[in-house]
Amino acid sequence: MTATEQMRAAEKPGQIVEMAWDPITRIIGNLGIYTKIDFANRRVTECHSTSSLFRGYSVFMKGKDPRDAGFITSRICGICGDNHTTCSVYAQNMAYGIANPPMAEWIINLGEAAEYLFDHTIFQDNLVFVDFCEAMVKATNPGVLARAEATASPRAGVHGLRTIADIMRALNPFEGQVYNEALRVSRITREMFCLMEGRHVHPSTLYPGGVGTMPEPSVFTDYLTRLMEILDFVKKAVALNDDLFDFWYDALPGYEEVGRRRVLLGCWGAFQDPSVVDYRYEHMTDWGRAMFVTPGIVVDGKLLTTDLVKINLGIRILLGSSFYKDWVNEEPFVERDPLGNPVDMRHPWNQTTFPEPQKRDFGEKYSWVMSPRWFDEGSGEHLALDTGGGPFARLYVTALAGLVDTPYVTARDGAVKISLPRSRTLPAMDLKWSPPAWSNAIERDRARVYFVAYAAGMALHFLERAMTRVRSGDTRTFTDFEVPDETIGCGFHEAVRGVLSHHMVVRDGKIANYHPYPPTPWNGSPRDSFGTPGPYEDAVQNMPIFEENGPESFKGVDVMRAVRSFDPCLPCGVHMYLGGGRTLRTVHSPMFGASHG
Amino acid sequence: MAPIRVGEPDVRPDATAHVRGVREGNALGSYEMEPGHHLDGTADARRSTGIRPGERNPISPSMPNLPPG
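Protein chains in written order, with my numbering: chain A, 1 to 597; chain B, 598 to 666.
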């Protein structure tokens, strides 16, 4: 599956060492990466990704009141819980046959845009960049740091940091200028979020049928002043990211192979357009394409579909290496969708969760994560899609689809153009993101900062639309409804780090089946029943190692960069051991950089 | 739950969701029942206050009626 071509010439006899990082913690579950590294040839030969935590939302949601689903599923995650609430609201709206009033839809969009601004900023600048900061580079690739000292930043005129080494120093945890500024910005963006959705990260004003936010002019002006305040930071961040990542390719030739895999991307779309969306399944193709981030699937650089109905019907939950008993012999919940299309037994609507705890065995079953795949009717393959950490797939699909056209963000000619207005110190700026040649760690990271700009541009558009409604006196933000005894619904959204779907079946007015599928099951899935590795495994396997340290002082920074490029929530603690269980470090917190490496 | 042994539940899974007899916010007709909310999506000052709301409406009919919070 990996696109990486192995350099077999002049290969030395292998010196395979087992290396494991467990847990690379994230909010939901415990992620572990188990690798075998060939130090003689500086390559990862094998990788397994595993989760040691069972959550069971699909088990305990059964029998609950469906109106509670948004509040309960929000607790799946402590950093993007609002994405779950939003997705649940979308699924419930479909199930109850209602739509949010337009003003409520703009408010949700504004809240979600603030969430993207917040989360991408804090992840990129306070977590991803720890792997690229001066302290880390000095400890892993001193030659690169020496070169960075002598390399001028091409875009220093925008971000003000004269050399690439100055950029790296600004990324140093707790001390660096960018690190600290990002913390300040993430507080402002959280305030923006709270203005719209009441509370971060579990919204208090988001319900099926609308919101409880009072659409006063001051709510929107408070949001706007905060947004304008961070625009300088966003513009500088894009320039700074471009400088750093362009330098990385120059300084370490071949680095494009780190975290590289086939372009297999999924995006389920974000930001509904209230003039089109009615949440009826029968019209899902149309309102899906009207979303301000286009849903779609990209395979090998080609856009396969933008049809949410097709995307929905192609989802398959495979087992193979997961601690679950199969459910195919159970009675299906949904045999046909509302359009009459057959629904597969492996579709989330029909899934029943039967946990089977057992010992971890990398030859057999080794993870609590199932293996979500997308069945491509054309090729007959079950594709192990990844989300590219979220922004990469969102920008890729939106660029290729060319359906988004707003005053601040447009998708045309295979690229996304973002126009940000003049801000406190910087003039108006046009940014352009085009699909890069590779799906690798650097490009996933680079896309993240461009999506911050995308979300800022979209927020400006949503504000203008919302203010127009306020000026017309429209203050309606909720719709009443009854919960039908028997109904189904599905919601598609983009969690910050990628695709998010909620599938619900209601019987006797209660939840009979509920399956949320967030991005990390897609990205962190183990080998499926066909033996296809999940995206983390695929991206890390056969990856070259550029770190200058040998096995004794190995930090695994290249592997970490590859895994973290997928945004596996908060990588805040890493346990690392070498060979036959000899512990090198019992606690490894990458936030502390070199001194604690 | 396959081979996992679990005890009898103490309460119904939806016990906390709704108490019979209490009006549900989502019930049909809720919007119309709310004071100051008009069917066309606009509202007047009665949405926010019951104390002389008419005096808090805009002085010109051409202005949008935006209740003060």
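We put the beta carbon where it would ideally sit given N, CA and C, even for glycine.
Fair warning: this is a prediction, and the values are worked out from it, not measured in the lab.
At the C-beta level, alanine 562/A and tyrosine 279/A stay beyond 8 angstroms of one another. The CB of aspartate 65/A comes closer than 9 angstroms to the CB of Pro610, Asp611, Thr613, Ala614, His615 in chain B, given here in chain order. Taking 8 angstroms as the CB threshold, arginine 471/A lines the interface with chain B.
Proximity of chain B to threonine 213/A at the Cβ level (cut-off 9 angstroms) is not reached, the minimal Cβ distance being about 11 angstroms.
Every alpha helix (DSSP H) stretch that sits fully inside the stretch 164–201 of chain A and reaches 4 residues is listed by chain position as 164–170, 177–197. Judged by DSSP secondary structure, leucine 227/A falls outside any beta strand (DSSP E) and instead within the alpha helix (DSSP H) spanning 217–251. Within the stretch 628–659 of chain B, the residues whose Cβ lies closer than 8 angstroms to any Cβ of chain A are, in chain order, Tyr628, His634, Gly638, Thr639, Ala640, Arg644. Taking C-beta atoms under 8 angstroms as the contact rule, histidine 515/A and serine 88/A fail to qualify, at a distance of about 12 angstroms. For glutamate 216/A, the C-beta contacts it makes with chain B under 9 angstroms involve Leu663, Pro664, Pro665, Gly666, in order along the chain.
For arginine 564/A, the enclosing alpha helix (DSSP H) covers residues 557–564.
Counting along the chain, the unbroken alpha helix (DSSP H) around tyrosine 57/A starts and ends at 57–60.
When C-alpha distances from isoleucine 545/A are compared across Glu115/A, Arg42/A, Glu464/A, the shortest belongs to Arg42/A. Assigned with DSSP and collapsed to three states, asparagine 523/A falls in helix. According to the DSSP assignment, aspartate 273/A belongs to no alpha helix (DSSP H), since it is labelled neither H nor E.
Within 8 angstroms of the CB of glycine 618/B, no CB atom of chain A is found; the nearest one sits about 16 angstroms away. Under the Cβ distance rule, phenylalanine 292/A does not count among the residues neighbouring chain B, no pair being separated by less than 8 angstroms. For histidine 283/A, the three-state secondary structure derived from DSSP is helix. Straight-line measurement puts the Cα of arginine 169/A at about 6 angstroms from the Cα of glycine 176/A. Using beta-carbon distances, glycine 604/B does not count as an interface residue toward chain A, since no partner is under 8 angstroms.
Valine 130/A and glycine 160/A have their alpha carbons spaced roughly 20 angstroms apart.
By the Cβ neighbour-count rule, aspartate 480/A is buried, with 16 or more other Cβ atoms within 10 Å of its own.
The alpha-carbon of valine 128/A is positioned some 13 angstroms away from that of glutamate 443/A. In terms of CA proximity to phenylalanine 392/A, Glu494/A leads the group Gly78/A, Glu494/A, Phe530/A, Tyr96/A. Within chain B, Ala614 have C-beta atoms less than 7 angstroms from the C-beta of aspartate 68/A, given in sequence order.
Around the beta-carbon of valine 449/A, 16 or more other beta-carbon atoms lie within 10 Å, marking it buried. The stretch 106–124 of chain A makes contact with the stretch 176–195 of chain A, as at least three CB pairs between them are under 8 angstroms.
In chain order, Ala148, Glu149, Thr151, Ala152, Ser153 place their CB closer than 7 angstroms to the CB of threonine 163/A, counting only its own chain and leaving out the 5 sequence neighbours on each side.
In the structure shown, proline 203/A falls within a coil segment according to DSSP collapsed to helix, strand and coil. Put simply, the backbone Cα of serine 321/A is about 24 angstroms away from that of serine 379/A.
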